[in-house]
Structures are given as structure tokens and as C-alpha cells.
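**Q**
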Amino acid sequence: MFQTCKNCGESFEITDVDLKFYDKISPVFNDKKYQIPAPTLCPSCRRQRRFTFRNERNLYYRKCSKTGKQLISNLNQDTGIKIYENEFWWSDKWDASEYGREFNFNESFFNQFKKLYQDVPQLALSVWFSENSNFCNYAGNVKNSYLIFGSVYSEDCFYGSPYYSKNCVDTLLVRECEFCYECTDCRKLYQSFYCQDCTNCNNLIYCYDLQSCSDCIGCVGLRNKKNCIFNQQFSKEEFQKMKNELNLCIKKSHEIIKEKLNELKLRVPHKYMQSNQVENVSGNYVYESKNIKDSYYTDKSQDCAYCTQVVNLKDCYDNNYTEENELCCEYISSYQNSRLLFTKFCNRVHEAMYCDSCYSSKNLFGCVGLKNKQYCILNKQYSKEEYEELIPKIIESMQSPHPPLSRGRSDSPLDKGDLGDLSLQSEWGEFFPSSISPFCYNETVAQEYFPLTKEQALSKGYKWKDEDLSSQHQGPEYQIPEDIKDVKDEICDSILKCEATSKLYKIIPQELKFYRQMNLPIPKKCPDLRHQKRLALRNPRKLFDRNCMKCGEKIKTTYAPDRPEIVYCEKCYLENVY
């Protein structure tokens, strides 16, 4: 069947497979199933709504609400939300059940949850088991790193989102890489710069879609090659001579290579999707997976749909930034959960609905910040019998129409879907409305993938944060030398100004050491702009119906029909590259 999205107005399909999934995950209490309804928002708008709850990159100085210690947090002081330093938050010196309250059947659930969320102290940053990495967020098991986000098991990395990587700078979702710079969506690279969609390669410069290659410059679509420049084969001696003549500290060198690379990308066929070892999948960047629908950056998963940046999922819909989940629907961030519905930022939690930041718990509803608990509603403890008697009544209350929450401004229009229709609507089966998020729209990853201007965001009822320029540096502007050999240590004591945005930034000593070691120039653009430029390299997370430009087979691809690239199906692409 087809449904009209209540947010964007676009028509979207809900298949029989989708309906079977919603039936499968619908909770049962006292032998009665409480059906999860079909979505009212399209997959993109559902993803946008979840993304308004994730602020990765905007960090602020604050004090711990309990100890007074100076902290770094992604929660601005203006939110009014209390934060605890991580060590205290995880300790047994406090218990979030102290904020428990009874459910009020005369008030909407979302409104009650919002009040609870605003009362319970939050973690200053989402960082686990990390060392000397104070300016990182959504990171685990990282060491000696700076401004990396959504990263795990990485060391000596700066600016980006590395996984299982070392000594990488300015990256976007790289895995198992080492000594890489300005690489996007790459895996198992060593000492490679300015690359995208490359796997299992060494010593690349400005390459795209290479596999099992080494010592290449400006190449596209090669397999098992080495000593190539712009897809032309050279001897080892010829290649080395030409490489030695290349000076990446000269701006003109970059311009020449990028121009030729972009021309080559239009001549060499592109595979309709990035994938490997898959069966019955659609989306992009799907690996070692089966029965995956409209999903992106998905690894080792099965029977999932509408997921992004996930690993080891089974029977999950609408999951983002998570791993090792099963039977979860509309969930964002953190790992190892099962049977979670409309929940965020939980770890090792089972059989829970509408919860946030709970850990090692089960059988929860509408809870925030609980650890090692079960049978709780709005953080209040119940017996198993009381819990199973009360939950059906709450669900039935949520199924009744309620006025939708606005997105956070008293003068804002009502939300559409969650997010507006001026009519009353059911809360059951909807993710949290964006009005509950403590973040302004432009602080979140929603702005990265669904960008809005300030005027657009405010007109839609979102909050917006203007940049604070009151503490801008007023000293002399530091002139960055072109050649890294001419850069002195004093640059680390200087304030640099982005040549494009005038935003201020710094070079840290470890970063300078990397540039010198790799013979790379000091970046003249601020980290945020560099991140935005890497994001712009990607195709949209949207599928288009097209035909293979060689055999005519129907394909679903992220390459829009009006794009100039040559796009092949899997069979034709493999015949072309091997």
C-alpha cells in the first residue's frame, strides 16, 4: 500500500514485508498484542526526525552540575539540562530512579517524557573506555585523538570518523586505515591521501573506487594494479620519478589532479551501488549482508530496512549509528540491544519502549538514565505484575488522539506527523517529536543530511543556534606558509582563520607532526568546512529507478537519472573492471 507522508507530503510504499515486521515486533501484554501501526512519515523524514537528537560536533565548556568540575559537553548551558562528568554519572553515588514519577493519564506521554528528560542529569559526552581524547564525542576505545566523532577503536586520529584506524587525519567513515589523510568511505588503506571508495590499497593519491591497488595517482575504477597515473600504466621507475616531481604543498598541483580525476570519473563506468558479498539488498555501501532494503553503510546485517551506519543487525527497521541489535524499530545510537521500540542511546537494554540513555536494563517504558533496572515506567519502580498491568493502559492512552507537541518555540507551528497536522494524533508508533531534543537543528546531524537555512528551520518550528562571535580573536592574522618545510612550531600557538568562512581554528602539535611526516600542507580551511566538503563527495541517501547503461537491466541506485556518470549493473561492472 502507499501512504502520504505527513511531513513532506510525498507518497511512500509500505510493503507486506514491512507490515509483517511491525506485527512481529508489536508487544504483547496479558495475551493481547498492541499493534505497531504503519508509519505516518516516509523513511527520509523518519531519519531526519531521529537525527535531530544527535549532536556530534558542537562542543561547549560547562561545569558538572554535581561536582563543579570544568567539562566539555555537547549540551549547551542554554538547554537548562543538568550534566554530570562521566565518572560521576556512571558511579553508584546517584540513581536516576530518584526522578521517578507516576504516569498521568490526563497528560500526553510525550509531554511527561519531556519533563522527565529535562530533570534527569545527562552524560557530559558519550565517550567510553578512552584515553587522552577529551574533545571527542560518540566515541569508544579511542586513544590520543582529537575531534573525532562516531568513532571506535582508533588511535592518534584527528578530525573525522575513523573506525579501527591509526594515524588518520580528516576522514569520513574510514575503517582499518593507517596514515591516511582526507579519505572518505575507505577501508584497509595505508598511507593514502585524498581518496574515496577505495579498499585494500597502499600509497594512493587522489584515487576513486580502487581495490587491491598500490602506488597510484589520480586513478578511477582499477583492480589489482600498481604504478598507474590517471589509469595509465607506468614502470616502477617511471612512476616514482613522476611522483617525486609532484608537490602536494603547491595548490596548482591539487587543481590539476582534481580536474583530470573528475574527467576520468565521467569516462569510467560506476557500479550502481557499493557492495560486496550481499544478497537481495538495496541502498549503498552494504557489505556481507542479506535481505537489506534502502539502507546505507550497513555491514554484516540481515532482514533490515531503512538503516544507516549499522553493523551486525538482525530484524531491525529505522536504526542509525548502532551495532549488534535485534528486533529494534526506530532506534538511534549505541549497541547490543533487543526489542527496543522508539528509543535512543541505550546499551545492553532489552524489551524497552520510548527510553533514553538507559544501560544494562530490561522491561522499561519512558525511562531516562537508568542503570541495571527492570519494570520501570517514567523511572518509577514497579513489580512485574504492576508493570504488565499498567503498560497496556498507557499504550491505549497513547493510541487516543493528543495535540502534537511543537518543536520547541512557543510561536512555532505544530509538528507534521510528529513533526504538522493541526489535528489531534496518536502518539503510539511515533518516535519522539523533535521538540523533545535539547539541540538546535543546526547543531545536529540532521543539518548535515537535511540542510536548512536559519529561516527555513525557524519557519518549520525548529530551534536554531547563532554562532557566538563575541570571543573572536582580534590579534594579527597568521600567514600559513605554502610549503610544510617552511612551517615553524609557533603555528601551534597561533589562531588561524579559515580562508572561506573566516571561522577560527588551531593546529595542534600532533597534527603538525603528521603533516611534516607525510609532507602535506597545513589546511587553510577550518575543520567544519573540511568535513562539509567530504560530505559533499557522497551520493544522496536516496534511491532512483534507472537502467544499466550497458545492458538495460533495471537497477535502483543513488545516481539520479540526470547525473552525467556512466552507471552499470553489477554484472556489467564486473565484466568491465576484471
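According to the working numbering, the sequence shown is numbered sequentially starting from 247.
The beta carbon of each residue, even a glycine, is placed where N, CA and C say it ideally should be.
For the alpha helix (DSSP H) holding Leu-781, just list the boundary residues, first then last.
**A** 773-782
**Q** Would you say the stretch 610-628 touches the stretch 344-361, given that touching needs at least three Cβ pairs under 8 Å?
**A** yes
**Q** Taking a contact to mean a Cβ-Cβ separation below 7 Å, would you say Leu-435 touches Cys-453 in this structure?
**A** no
**Q** Taking the DSSP output, what are the residues bridged to Trp-374?
**A** Gly-386
**Q** Taking a contact to mean a Cβ-Cβ separation below 7 Å, would you say Asn-387 touches Tyr-399 in this structure?
**A** In this structure, Tyr-399 lies closer than 7 Å to Asn-387 by Cβ.
**Q** Going by DSSP in three states, Pro-289 sits in which element: helix, strand or coil?
**A** helix
**Q** Could you give the distance in angstroms between the alpha-carbon of Leu-586 and the alpha-carbon of Ile-327?
**A** 25 Å
**Q** Go through the stretch 469-547 residue by residue and report every complete run of the alpha helix (DSSP H) that reaches 4 residues or more, in order.
**A** 482-490 and 497-513
**Q** Excluding the five sequence neighbours on either side, which residues of its own chain have a C-beta within less than 7 Å of the C-beta of Phe-381, listed in chain order?
**A** Leu-305, Ile-318, Tyr-392 and Leu-393
**Q** Determine whether the beta carbon atoms of Gly-464 and Leu-507 lie at a separation below 7 Å.
**A** Yes. Within cutoff.
**Q** Does the distance from the C-beta atom of Asn-470 to that of Ser-458 stay below 7 Å?
**A** Yes, the pair counts as a contact, with Cβ atoms nearer than the cut-off.
**Q** Within its chain, find whatever has a CB closer than 6 Å to the CB of Leu-742; leave out the 5 residues flanking it on each side and keep chain order.
**A** Tyr-724 and Tyr-751
**Q** Could you tell me if Gly-406 is buried or exposed, where buried requires 16 or more neighbouring beta carbons within 10 angstroms of its beta carbon?
**A** buried
**Q** If I'm right that Trp-674 touches Ile-641 with Cβ under 8 Å, what's the distance once you round it to whole angstroms?
**A** Contact flag correct, Cβ pair sits at about 6 Å.
**Q** To which residues of the same chain is Leu-419 closer than 6 Å at the C-beta, ignoring the five residues directly before and after it?
**A** Ser-407 and Asp-431.
**Q** Between the alpha carbons of Asp-545 and Tyr-531, how many angstroms are there, rounded?
**A** Those two C-alpha atoms are separated by around 8 Å.
**Q** DSSP three-state call for Phe-258: helix, strand or coil?
**A** strand
**Q** Is it true that the stretch 761-775 meets the stretch 787-796, where meeting means three or more beta-carbon pairs spaced less than 8 Å apart?
**A** no
**Q** Since Glu-694 and Phe-404 should fall inside the 8 Å C-beta cutoff, what is the C-beta to C-beta distance between them, to a whole number of angstroms?
**A** Contact doesn't hold; Cβ gap of about 19 Å is too wide.
**Q** Check whether the stretch 518-532 touches the stretch 810-817, counting contact only when three or more Cβ pairs, one atom from each stretch, lie closer than 8 Å.
**A** Three or more beta-carbon pairs separated by less than 8 Å link the stretch 518-532 to the stretch 810-817, which places the two stretches in contact.
**Q** Which class does Tyr-708 belong to by DSSP, given the choice of helix, strand or coil?
**A** coil
**Q** From what residue to what residue does the alpha helix (DSSP H) around Leu-636 run?
**A** 630-645
**Q** Using a Cβ-Cβ cutoff of less than 7 Å, which residues in the same chain neighbour Asp-549 once the five nearest sequence positions on both sides are dropped?
**A** Excluding residues up to 5 positions away in sequence, Asn-537, Lys-560 and Asp-561 lie with their Cβ nearer than 7 Å to the Cβ of Asp-549 in the same chain.
**Q** Can the beta-carbon of Cys-738 be found less than 7 Å from the beta-carbon of Pro-755?
**A** yes
**Q** Measure the beta-carbon distance from Val-557 to Glu-576 and round it to whole angstroms, keeping in mind my assumption that it falls under 8 Å.
**A** Between Glu-576 and Val-557 the Cβ distance is about 18 Å, and since that is not below 8 Å, they are no contact.
**Q** What's the call for Pro-289, buried or exposed, on a 16-neighbour Cβ count within 10 Å?
**A** It is buried - the Cβ of Pro-289 has at least 16 other Cβ atoms within 10 Å.
**Q** Between the C-alpha atoms of Asn-793 and Thr-804, what's the straight-line distance to the nearest angstrom?
**A** 12 Å
**Q** In chain order, what residues of the same chain have a beta carbon less than 8 Å from the beta carbon of Phe-439, not counting five sequence neighbours either side?
**A** So the list reads Cys-426, Tyr-427, Glu-428, Cys-429, Leu-450, Ile-451, Tyr-452, Leu-494, Met-764 and Leu-766, once near-sequence residues are dropped.
**Q** Once DSSP output is grouped into helix, strand and coil, what is the label at Glu-424?
**A** Correct three-state label for Glu-424: strand.
**Q** Ignore the nearest five residues each way along the sequence and tell me which others in Ser-580's own chain have a CB closer than 7 Å to its CB.
**A** Beyond the five residues adjoining it in sequence on each side, Ser-580 comes within less than 7 Å, by CB distance, of Thr-568, Phe-591, Cys-592 and Asn-593 in the same chain, given in chain order.
**Q** Starting from the Cα of Tyr-280, find the closest Cα among Gln-249, Gln-645, Pro-727 and Thr-690 and give me that residue.
**A** Residue nearest to Tyr-280 within the set Gln-249, Gln-645, Pro-727 and Thr-690 is Gln-645 (criterion: CA-CA distance).
**Q** So, helix, strand or coil for Thr-699, using DSSP?
**A** coil
**Q** With DSSP as the reference, label Tyr-751 as helix, strand or coil.
**A** strand
**Q** Report the rounded CA-to-CA distance for Trp-336 versus Lys-504, giving the unit in angstroms.
**A** 48 Å
**Q** My guess is that Tyr-774 and Lys-749 are in contact by the Cβ rule of under 8 Å, so how many angstroms apart are they, rounded?
**A** The sequence given here has Asp at residue 774, not Tyr. 7 Å between Cβ atoms; contact.
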